[in-house]
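Numbering (this note's numbering), first residue to last: 0 to 406.
In what follows, a structure is listed as C-alpha coordinates, so that the remarks can point back to it.
Structure representation (C-alpha coordinates):
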(Lines of atoms letter the chains of each structure in order from A; the text may use other names.)
(Lines give C-alpha, C1' and ligand atoms only; values in the text may rest on other atoms or scores of the structure.)
Protein backbone atom coordinates (compact mmCIF):
# COMPACT_ATOMS: atom_id res chain seq x y z
CA UNK A 0 0.00 0.00 0.00
CA UNK A 1 1.39 3.40 -1.02
CA UNK A 2 0.55 6.11 1.50
CA UNK A 3 0.08 9.38 -0.33
CA UNK A 4 2.19 11.47 2.00
CA UNK A 5 2.41 14.41 -0.41
CA UNK A 6 -1.37 14.91 -0.29
CA UNK A 7 -1.54 14.07 3.42
CA UNK A 8 0.74 17.02 4.14
CA UNK A 9 -1.54 19.25 2.08
CA UNK A 10 -4.75 18.27 3.86
CA UNK A 11 -3.40 17.88 7.42
CA UNK A 12 -3.71 21.60 8.34
CA UNK A 13 -7.44 21.55 7.46
CA UNK A 14 -8.54 18.44 9.37
CA UNK A 15 -11.06 19.39 12.08
CA UNK A 16 -11.22 22.93 10.70
CA UNK A 17 -14.47 24.59 9.59
CA UNK A 18 -13.74 24.28 5.89
CA UNK A 19 -15.11 21.69 3.50
CA UNK A 20 -12.30 19.61 2.06
CA UNK A 21 -12.88 19.11 -1.68
CA UNK A 22 -10.71 16.53 -3.44
CA UNK A 23 -10.85 16.75 -7.22
CA UNK A 24 -9.15 14.83 -9.98
CA UNK A 25 -9.33 12.31 -12.78
CA UNK A 26 -11.54 9.29 -12.19
CA UNK A 27 -9.52 6.45 -10.59
CA UNK A 28 -6.58 8.71 -9.77
CA UNK A 29 -6.69 7.74 -6.10
CA UNK A 30 -9.30 10.05 -4.56
CA UNK A 31 -11.30 7.21 -2.95
CA UNK A 32 -8.17 5.59 -1.58
CA UNK A 33 -7.06 8.93 -0.15
CA UNK A 34 -10.47 9.43 1.51
CA UNK A 35 -10.04 6.09 3.22
CA UNK A 36 -6.52 7.09 4.22
CA UNK A 37 -7.94 10.22 5.89
CA UNK A 38 -10.56 8.08 7.62
CA UNK A 39 -7.84 5.79 8.97
CA UNK A 40 -5.87 8.82 10.16
CA UNK A 41 -8.89 10.08 12.11
CA UNK A 42 -9.41 6.70 13.78
CA UNK A 43 -5.69 6.60 14.63
CA UNK A 44 -6.10 10.00 16.29
CA UNK A 45 -8.85 8.64 18.50
CA UNK A 46 -12.01 9.53 16.56
CA UNK A 47 -14.64 6.86 17.10
CA UNK A 48 -15.59 4.95 13.96
CA UNK A 49 -19.23 5.52 14.92
CA UNK A 50 -18.70 9.26 14.32
CA UNK A 51 -17.61 8.66 10.74
CA UNK A 52 -20.18 8.38 7.92
CA UNK A 53 -18.95 7.33 4.48
CA UNK A 54 -20.82 7.38 1.15
CA UNK A 55 -19.52 6.13 -2.20
CA UNK A 56 -22.00 7.19 -4.86
CA UNK A 57 -20.64 4.74 -7.40
CA UNK A 58 -21.86 1.94 -5.12
CA UNK A 59 -25.35 0.76 -6.09
CA UNK A 60 -26.43 0.58 -2.45
CA UNK A 61 -26.54 4.38 -2.44
CA UNK A 62 -28.57 4.64 -5.67
CA UNK A 63 -31.65 5.76 -3.71
CA UNK A 64 -29.72 8.79 -2.39
CA UNK A 65 -28.82 10.49 -5.66
CA UNK A 66 -30.73 13.69 -4.99
CA UNK A 67 -30.17 16.37 -2.36
CA UNK A 68 -33.36 15.77 -0.39
CA UNK A 69 -32.94 12.00 -0.01
CA UNK A 70 -29.28 12.31 0.89
CA UNK A 71 -29.91 15.07 3.40
CA UNK A 72 -32.59 13.05 5.21
CA UNK A 73 -30.40 9.95 5.31
CA UNK A 74 -27.44 11.88 6.74
CA UNK A 75 -29.46 13.83 9.31
CA UNK A 76 -31.16 10.65 10.53
CA UNK A 77 -27.70 9.29 11.33
CA UNK A 78 -26.44 12.56 12.79
CA UNK A 79 -29.21 12.48 15.39
CA UNK A 80 -27.59 9.34 16.84
CA UNK A 81 -24.06 10.75 17.00
CA UNK A 82 -22.59 12.51 20.03
CA UNK A 83 -20.00 15.16 19.27
CA UNK A 84 -18.50 16.07 15.89
CA UNK A 85 -19.46 13.95 12.89
CA UNK A 86 -17.04 13.26 10.06
CA UNK A 87 -18.79 13.05 6.71
CA UNK A 88 -17.21 11.55 3.58
CA UNK A 89 -18.92 11.83 0.19
CA UNK A 90 -17.13 10.07 -2.66
CA UNK A 91 -17.96 11.12 -6.27
CA UNK A 92 -20.51 13.65 -5.02
CA UNK A 93 -21.26 14.89 -8.55
CA UNK A 94 -23.52 11.84 -8.99
CA UNK A 95 -26.02 13.48 -6.60
CA UNK A 96 -28.43 16.01 -8.13
CA UNK A 97 -28.18 19.43 -6.45
CA UNK A 98 -25.67 18.01 -3.99
CA UNK A 99 -24.36 21.46 -3.07
CA UNK A 100 -27.66 22.29 -1.31
CA UNK A 101 -27.28 19.23 0.89
CA UNK A 102 -23.62 19.86 1.70
CA UNK A 103 -24.18 23.51 2.49
CA UNK A 104 -27.09 22.68 4.82
CA UNK A 105 -25.11 20.02 6.69
CA UNK A 106 -22.15 22.35 7.07
CA UNK A 107 -24.29 25.19 8.37
CA UNK A 108 -26.62 23.30 10.74
CA UNK A 109 -24.48 20.55 12.30
CA UNK A 110 -21.13 20.05 14.01
CA UNK A 111 -19.42 18.34 11.09
CA UNK A 112 -16.08 17.92 9.35
CA UNK A 113 -16.87 17.32 5.67
CA UNK A 114 -14.79 15.71 2.91
CA UNK A 115 -16.02 15.33 -0.66
CA UNK A 116 -14.52 14.10 -3.92
CA UNK A 117 -15.51 14.77 -7.50
CA UNK A 118 -14.33 13.97 -11.02
CA UNK A 119 -15.37 17.19 -12.71
CA UNK A 120 -13.82 20.65 -12.59
CA UNK A 121 -17.30 22.19 -12.54
CA UNK A 122 -17.67 20.89 -9.00
CA UNK A 123 -16.69 24.27 -7.57
CA UNK A 124 -18.01 26.51 -10.31
CA UNK A 125 -21.61 26.67 -9.13
CA UNK A 126 -23.61 27.21 -5.98
CA UNK A 127 -21.17 25.65 -3.52
CA UNK A 128 -18.44 28.13 -4.38
CA UNK A 129 -20.95 30.96 -3.98
CA UNK A 130 -22.53 29.69 -0.76
CA UNK A 131 -19.25 28.72 0.88
CA UNK A 132 -17.11 31.66 -0.13
CA UNK A 133 -13.88 31.23 1.79
CA UNK A 134 -15.09 28.11 3.62
CA UNK A 135 -13.75 25.35 1.42
CA UNK A 136 -10.35 24.20 0.28
CA UNK A 137 -9.69 22.31 -2.96
CA UNK A 138 -6.93 19.71 -3.15
CA UNK A 139 -6.23 18.29 -6.58
CA UNK A 140 -5.37 14.60 -6.57
CA UNK A 141 -3.15 13.32 -9.37
CA UNK A 142 -2.06 9.79 -10.33
CA UNK A 143 1.14 8.43 -8.82
CA UNK A 144 4.29 10.48 -9.20
CA UNK A 145 7.47 8.62 -10.12
CA UNK A 146 8.41 8.41 -6.43
CA UNK A 147 5.04 6.87 -5.60
CA UNK A 148 5.32 4.52 -8.59
CA UNK A 149 8.76 3.50 -7.34
CA UNK A 150 7.28 2.77 -3.91
CA UNK A 151 4.48 0.78 -5.56
CA UNK A 152 7.05 -1.20 -7.56
CA UNK A 153 8.78 -2.22 -4.34
CA UNK A 154 5.52 -3.61 -2.97
CA UNK A 155 5.21 -5.73 -6.13
CA UNK A 156 8.86 -6.83 -6.16
CA UNK A 157 10.89 -5.85 -3.06
CA UNK A 158 14.10 -6.94 -4.78
CA UNK A 159 13.67 -4.54 -7.71
CA UNK A 160 16.17 -1.70 -7.28
CA UNK A 161 16.96 -0.85 -10.91
CA UNK A 162 15.64 2.70 -11.27
CA UNK A 163 16.14 2.62 -15.04
CA UNK A 164 13.82 -0.40 -15.30
CA UNK A 165 11.29 1.15 -12.93
CA UNK A 166 11.38 4.37 -14.95
CA UNK A 167 10.76 2.44 -18.17
CA UNK A 168 7.71 0.82 -16.56
CA UNK A 169 6.51 4.25 -15.44
CA UNK A 170 6.99 5.55 -18.98
CA UNK A 171 4.74 2.80 -20.31
CA UNK A 172 2.17 2.17 -17.58
CA UNK A 173 1.77 5.64 -16.05
CA UNK A 174 0.65 6.14 -12.47
CA UNK A 175 -2.93 4.96 -11.96
CA UNK A 176 -2.87 3.56 -8.38
CA UNK A 177 -4.91 0.41 -9.03
CA UNK A 178 -2.10 -0.96 -11.20
CA UNK A 179 -0.44 -2.12 -7.98
CA UNK A 180 -3.18 -4.76 -7.69
CA UNK A 181 -2.40 -6.00 -11.21
CA UNK A 182 1.36 -6.17 -10.54
CA UNK A 183 2.00 -4.37 -13.85
CA UNK A 184 1.07 -7.45 -15.86
CA UNK A 185 0.71 -5.93 -19.36
CA UNK A 186 -2.47 -7.68 -20.51
CA UNK A 187 -4.60 -6.95 -17.45
CA UNK A 188 -2.99 -3.54 -16.86
CA UNK A 189 -3.79 -2.20 -20.32
CA UNK A 190 -7.26 -3.70 -20.22
CA UNK A 191 -7.82 -1.84 -16.93
CA UNK A 192 -6.41 1.43 -18.31
CA UNK A 193 -8.62 1.10 -21.37
CA UNK A 194 -11.63 0.57 -19.11
CA UNK A 195 -10.69 3.65 -17.06
CA UNK A 196 -10.43 5.69 -20.26
CA UNK A 197 -13.86 4.48 -21.41
CA UNK A 198 -15.33 5.23 -17.98
CA UNK A 199 -14.00 8.79 -18.05
CA UNK A 200 -15.37 9.33 -21.54
CA UNK A 201 -18.79 7.80 -20.94
CA UNK A 202 -19.47 8.99 -17.38
CA UNK A 203 -17.60 12.27 -17.07
CA UNK A 204 -17.76 13.54 -20.62
CA UNK A 205 -20.58 12.00 -22.70
CA UNK A 206 -23.22 11.58 -19.99
CA UNK A 207 -22.48 14.81 -18.15
CA UNK A 208 -22.49 16.92 -21.31
CA UNK A 209 -25.16 15.06 -23.32
CA UNK A 210 -22.79 14.44 -26.23
CA UNK A 211 -24.39 12.51 -29.06
CA UNK A 212 -21.61 12.19 -31.60
CA UNK A 213 -19.41 9.83 -29.59
CA UNK A 214 -17.41 8.78 -32.64
CA UNK A 215 -16.36 12.38 -33.29
CA UNK A 216 -15.49 12.87 -29.62
CA UNK A 217 -13.26 9.79 -29.65
CA UNK A 218 -11.50 10.95 -32.82
CA UNK A 219 -10.78 14.35 -31.25
CA UNK A 220 -9.50 12.73 -28.05
CA UNK A 221 -7.23 10.34 -29.96
CA UNK A 222 -5.80 13.26 -31.92
CA UNK A 223 -5.02 15.18 -28.72
CA UNK A 224 -3.54 12.09 -27.04
CA UNK A 225 -1.32 11.42 -30.05
CA UNK A 226 -0.09 15.02 -29.99
CA UNK A 227 0.47 15.68 -26.27
CA UNK A 228 3.18 18.29 -25.99
CA UNK A 229 2.82 19.36 -29.62
CA UNK A 230 1.51 22.78 -30.54
CA UNK A 231 -1.70 22.60 -32.55
CA UNK A 232 -4.98 24.42 -33.06
CA UNK A 233 -8.63 23.46 -33.38
CA UNK A 234 -8.34 24.38 -37.05
CA UNK A 235 -5.54 21.84 -37.55
CA UNK A 236 -7.70 19.13 -35.95
CA UNK A 237 -10.60 20.19 -38.17
CA UNK A 238 -8.41 19.78 -41.26
CA UNK A 239 -7.21 16.37 -40.04
CA UNK A 240 -10.80 15.19 -39.48
CA UNK A 241 -11.77 16.49 -42.91
CA UNK A 242 -9.13 14.19 -44.39
CA UNK A 243 -10.95 11.37 -42.59
CA UNK A 244 -14.25 12.43 -44.19
CA UNK A 245 -15.55 14.12 -41.00
CA UNK A 246 -16.48 17.76 -41.49
CA UNK A 247 -16.60 19.60 -38.17
CA UNK A 248 -16.26 23.23 -37.11
CA UNK A 249 -13.26 24.28 -34.95
CA UNK A 250 -15.72 25.61 -32.33
CA UNK A 251 -17.17 22.12 -31.88
CA UNK A 252 -13.68 20.69 -31.45
CA UNK A 253 -12.83 23.30 -28.82
CA UNK A 254 -16.03 22.46 -26.92
CA UNK A 255 -15.16 18.75 -26.97
CA UNK A 256 -11.66 19.40 -25.69
CA UNK A 257 -13.00 21.71 -22.99
CA UNK A 258 -15.31 19.06 -21.53
CA UNK A 259 -12.35 16.67 -21.49
CA UNK A 260 -10.40 19.27 -19.53
CA UNK A 261 -13.32 19.53 -17.09
CA UNK A 262 -13.12 15.76 -16.60
CA UNK A 263 -9.39 16.22 -15.76
CA UNK A 264 -8.31 14.16 -18.77
CA UNK A 265 -6.33 16.98 -20.40
CA UNK A 266 -4.58 20.15 -19.29
CA UNK A 267 -4.41 23.12 -21.64
CA UNK A 268 -1.25 25.24 -21.56
CA UNK A 269 -1.22 28.72 -23.03
CA UNK A 270 1.70 30.36 -24.83
CA UNK A 271 3.25 33.63 -23.69
CA UNK A 272 5.56 36.07 -25.38
CA UNK A 273 8.38 36.38 -22.85
CA UNK A 274 9.73 39.62 -24.30
CA UNK A 275 6.34 41.24 -24.88
CA UNK A 276 4.93 39.80 -21.63
CA UNK A 277 1.57 38.89 -23.13
CA UNK A 278 -0.47 35.72 -23.53
CA UNK A 279 -0.81 34.47 -27.10
CA UNK A 280 -4.24 33.25 -28.18
CA UNK A 281 -3.19 30.67 -30.77
CA UNK A 282 -1.77 27.16 -30.82
CA UNK A 283 -1.88 25.97 -27.23
CA UNK A 284 -0.43 22.68 -26.02
CA UNK A 285 -2.30 19.93 -24.22
CA UNK A 286 -0.99 17.35 -21.79
CA UNK A 287 -2.68 14.21 -20.47
CA UNK A 288 -3.11 13.66 -16.73
CA UNK A 289 -1.90 10.08 -16.96
CA UNK A 290 0.36 9.01 -19.80
CA UNK A 291 -0.49 5.37 -19.15
CA UNK A 292 -3.95 6.08 -20.58
CA UNK A 293 -2.22 7.31 -23.75
CA UNK A 294 -0.31 4.03 -24.03
CA UNK A 295 -3.52 2.04 -23.56
CA UNK A 296 -5.41 4.03 -26.21
CA UNK A 297 -2.73 4.99 -28.75
CA UNK A 298 0.38 3.01 -27.85
CA UNK A 299 3.88 4.25 -28.78
CA UNK A 300 4.91 5.87 -25.47
CA UNK A 301 8.43 4.51 -25.97
CA UNK A 302 8.51 5.62 -29.60
CA UNK A 303 7.22 9.08 -28.61
CA UNK A 304 9.45 9.28 -25.54
CA UNK A 305 10.29 12.94 -26.16
CA UNK A 306 6.59 13.83 -25.82
CA UNK A 307 6.09 11.62 -22.75
CA UNK A 308 9.11 13.08 -20.99
CA UNK A 309 7.65 16.55 -21.51
CA UNK A 310 4.30 15.30 -20.19
CA UNK A 311 6.01 13.89 -17.08
CA UNK A 312 7.81 17.16 -16.35
CA UNK A 313 4.60 19.14 -16.85
CA UNK A 314 2.61 16.93 -14.45
CA UNK A 315 5.40 17.03 -11.87
CA UNK A 316 5.48 20.82 -11.87
CA UNK A 317 1.67 20.93 -11.76
CA UNK A 318 1.70 18.51 -8.81
CA UNK A 319 3.89 20.93 -6.89
CA UNK A 320 1.57 23.84 -7.47
CA UNK A 321 3.18 25.74 -10.32
CA UNK A 322 1.20 27.68 -12.90
CA UNK A 323 2.66 26.80 -16.28
CA UNK A 324 2.83 28.48 -19.68
CA UNK A 325 4.80 27.82 -22.85
CA UNK A 326 7.34 30.53 -23.54
CA UNK A 327 8.15 32.16 -26.87
CA UNK A 328 11.12 34.32 -27.78
CA UNK A 329 10.95 35.38 -31.40
CA UNK A 330 10.45 32.18 -33.37
CA UNK A 331 11.88 29.96 -30.64
CA UNK A 332 9.97 28.16 -27.90
CA UNK A 333 10.68 27.39 -24.25
CA UNK A 334 8.85 24.28 -23.11
CA UNK A 335 7.74 25.57 -19.71
CA UNK A 336 7.64 28.86 -17.86
CA UNK A 337 6.62 27.87 -14.32
CA UNK A 338 5.45 30.28 -11.62
CA UNK A 339 4.59 29.86 -7.95
CA UNK A 340 4.31 33.00 -5.86
CA UNK A 341 7.42 35.06 -6.52
CA UNK A 342 9.26 32.03 -7.88
CA UNK A 343 9.80 31.50 -11.60
CA UNK A 344 11.55 28.62 -13.37
CA UNK A 345 12.29 28.04 -17.07
CA UNK A 346 12.53 24.44 -18.30
CA UNK A 347 13.54 22.79 -21.56
CA UNK A 348 12.91 19.04 -21.98
CA UNK A 349 14.81 16.82 -24.42
CA UNK A 350 15.20 13.07 -24.86
CA UNK A 351 18.95 13.07 -25.50
CA UNK A 352 21.49 15.86 -25.89
CA UNK A 353 23.06 13.77 -28.63
CA UNK A 354 24.85 16.43 -30.64
CA UNK A 355 26.31 19.88 -30.30
CA UNK A 356 23.46 21.16 -32.46
CA UNK A 357 20.88 19.77 -30.02
CA UNK A 358 22.78 21.14 -27.02
CA UNK A 359 23.00 24.59 -28.59
CA UNK A 360 19.28 24.54 -29.42
CA UNK A 361 18.12 23.54 -25.92
CA UNK A 362 20.51 25.77 -23.99
CA UNK A 363 20.60 28.58 -26.55
CA UNK A 364 16.96 29.63 -26.23
CA UNK A 365 17.27 29.78 -22.43
CA UNK A 366 20.31 32.05 -22.75
CA UNK A 367 18.08 34.57 -24.55
CA UNK A 368 15.71 34.94 -21.58
CA UNK A 369 16.31 38.46 -20.22
CA UNK A 370 16.08 37.73 -16.48
CA UNK A 371 18.01 35.85 -13.81
CA UNK A 372 15.43 33.27 -12.71
CA UNK A 373 16.67 29.64 -12.66
CA UNK A 374 16.84 27.82 -15.98
CA UNK A 375 17.02 24.06 -16.52
CA UNK A 376 17.42 21.52 -19.30
CA UNK A 377 16.07 18.06 -18.42
CA UNK A 378 16.95 14.94 -20.42
CA UNK A 379 17.72 11.24 -20.02
CA UNK A 380 21.47 11.88 -20.29
CA UNK A 381 23.55 10.87 -17.29
CA UNK A 382 26.46 13.18 -18.12
CA UNK A 383 26.08 16.69 -16.71
CA UNK A 384 25.88 19.20 -19.58
CA UNK A 385 25.34 22.27 -17.37
CA UNK A 386 26.74 25.47 -18.86
CA UNK A 387 26.39 29.26 -18.93
CA UNK A 388 24.50 29.29 -15.63
CA UNK A 389 21.89 26.86 -16.99
CA UNK A 390 21.58 23.65 -14.98
CA UNK A 391 21.22 20.26 -16.67
CA UNK A 392 19.30 17.52 -14.84
CA UNK A 393 18.73 13.85 -15.53
CA UNK A 394 14.99 13.12 -15.76
CA UNK A 395 15.08 10.42 -13.06
CA UNK A 396 17.02 12.68 -10.68
CA UNK A 397 14.46 15.45 -11.30
CA UNK A 398 11.48 13.16 -10.67
CA UNK A 399 13.09 11.73 -7.53
CA UNK A 400 14.02 15.06 -5.96
CA UNK A 401 11.96 18.14 -6.77
CA UNK A 402 14.19 20.27 -4.55
CA UNK A 403 16.75 20.19 -7.38
CA UNK A 404 14.54 22.80 -9.03
CA UNK A 405 12.67 24.48 -6.21
CA UNK A 406 15.58 24.65 -3.81
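Note that CB positions come from ideal geometry on N, CA and C, so glycine has one too.
Legend entry - Extent of the continuous alpha helix (DSSP H) to which residue 154 belongs: Residue 154 -> alpha helix (DSSP H) spans 145-155.
Legend entry - Which listed residue (364, 305, 160) has its alpha carbon closest to that of residue 350: Ranking the options by Cα distance to residue 350, first place goes to 305.
Legend entry - Member of 205, 22, 18 whose CA lies at the smallest distance from the CA of residue 6: 22
Legend entry - Collapsed DSSP secondary structure at residue 85 in the structure displayed: strand
Legend entry - residue 388 versus residue 373: straight-line alpha-carbon distance, rounded: 8 Å
Inset, instruction - Mark residue 36 as exposed unless 16 or more other C-beta atoms lie within 10 angstroms of its C-beta, in which case mark it buried. - result: Buried, since its Cβ has 16 or more Cβ neighbours within 10 Å.
Inset, instruction - Can you have a look at residue 119 and say buried or exposed, based on whether 16 or more other CB atoms are within 10 angstroms of its CB? - result: Under the 10 Å beta carbon count, residue 119 is surrounded by 16 or more other beta carbons and is classified as buried.
Legend entry - Any 3 or more C-beta pairs closer than 8 Å across the region 379-399 and the region 358-367: yes
Legend entry - Integer-rounded CB distance, given that residue 82 should sit under 8 Å from residue 110: Their Cβ separation, rounded to whole angstroms, is 10 Å, which puts residue 110 and residue 82 out of contact at 8 Å.
Legend entry - Burial state of residue 295, where buried means 16 or more other Cβ atoms lie within 10 Å: buried
Inset, instruction - Could you tell me if residue 43 is buried or exposed, where buried requires 16 or more neighbouring beta carbons within 10 angstroms of its beta carbon? - result: The residue in question, residue 43, is exposed, as its Cβ has fewer than 16 Cβ neighbours within 10 Å.
Legend entry - Strand pairing of residue 224, partner residues [DSSP]: DSSP lists no partner for residue 224.
Legend entry - When 55, 49, 249, 93 are compared against residue 79, the one with the closest alpha-carbon: 49
Legend entry - Reduced DSSP category for residue 247 - H, G, I as helix; E, B as strand; rest coil: Of the three classes helix, strand and coil, the one that applies to residue 247 here is coil, per DSSP.
Inset, instruction - Between the Cα of residue 142 and those of 379, 264, 391, spot the shortest distance and give me the residue it belongs to. - result: 264
Inset, instruction - Flag this pair as yes or no: are the beta carbons of residue 90 and residue 54 separated by less than 8 Å? - result: yes
Inset, instruction - Please confirm if residue 65 has its CB atom under 8 Å from at least one CB of chain D. - result: Absent from the structure: chain D. Only one protein chain is present.
Legend entry - Member of 181, 149, 121, 233 whose CA lies at the smallest distance from the CA of residue 3: 149
Inset, instruction - Taking all protein chains shown into account, decide if residue 124 is buried (16 or more other Cβ within 10 angstroms of its Cβ) or exposed. - result: exposed
Inset, instruction - Could you check which residue in 229, 191, 247, 206 has the C-alpha nearest to that of residue 218? - result: 247
Legend entry - 7 Å CB neighbourhood of residue 245 in its chain, flanking five on each side removed: 215, 218
Inset, instruction - Look at residue 205 and residue 18 and say whether their C-beta atoms are less than 8 Å apart. - result: No, Cβ-Cβ distance for residue 205 and residue 18 is not below 8 Å.
Legend entry - Own chain, CB closer than 7 Å to residue 300, minus 5 neighbours either side, in chain order: The answer, listed in chain order, is 170, 171, 290, 293, 294, 307.
Legend entry - Integer-rounded CB distance, given that residue 270 should sit under 8 Å from residue 360: Between residue 270 and residue 360 the Cβ distance is about 18 Å, and since that is not below 8 Å, they are no contact.
Inset, instruction - Starting from residue 63, follow the alpha helix (DSSP H) in both directions and report where the run begins and ends. - result: For residue 63, no alpha helix (DSSP H) segment is defined, and its DSSP state is neither H nor E.
Legend entry - CA nearest to the CA of residue 302, picked from 167, 174, 209: 167
Legend entry - Per-residue burial, residue 175 [other beta carbons within 10 Å of its own, 16 or more giving buried]: buried
Legend entry - 7 Å CB neighbourhood of residue 182 in its chain, flanking five on each side removed: 155
Inset, instruction - Could you have a look at residue 22 and say whether DSSP puts it in helix, strand or coil? - result: Per DSSP, reduced to three states, the secondary structure at residue 22 is strand.
Legend entry - Whole beta strand (DSSP E) elements within the region 91-127, 3-residue minimum: 111-117
Legend entry - Own chain partners of residue 261 with C-beta closer than 7 Å, once the 5 adjacent residues on each side are dropped: 119, 120, 121
Legend entry - residue 153 versus residue 104: straight-line alpha-carbon distance, rounded: 45 Å
Inset, instruction - Could you tell me the boundaries of the beta strand (DSSP E) in which residue 334 lies? - result: Segment 331-339, the beta strand (DSSP E) holding residue 334.
Inset, instruction - State buried or exposed for residue 33, treating a residue as buried only when at least 16 other CB atoms are found within 10 Å of its CB. - result: Taking all protein chains in view, the Cβ of residue 33 is crowded by 16 or more other Cβ atoms within 10 Å, so the residue is classified as buried.
Legend entry - Under the three-state DSSP convention, the category residue 52 falls into: strand
Inset, instruction - Sort out for me which residues DSSP pairs residue 378 with in a bridge. - result: 393
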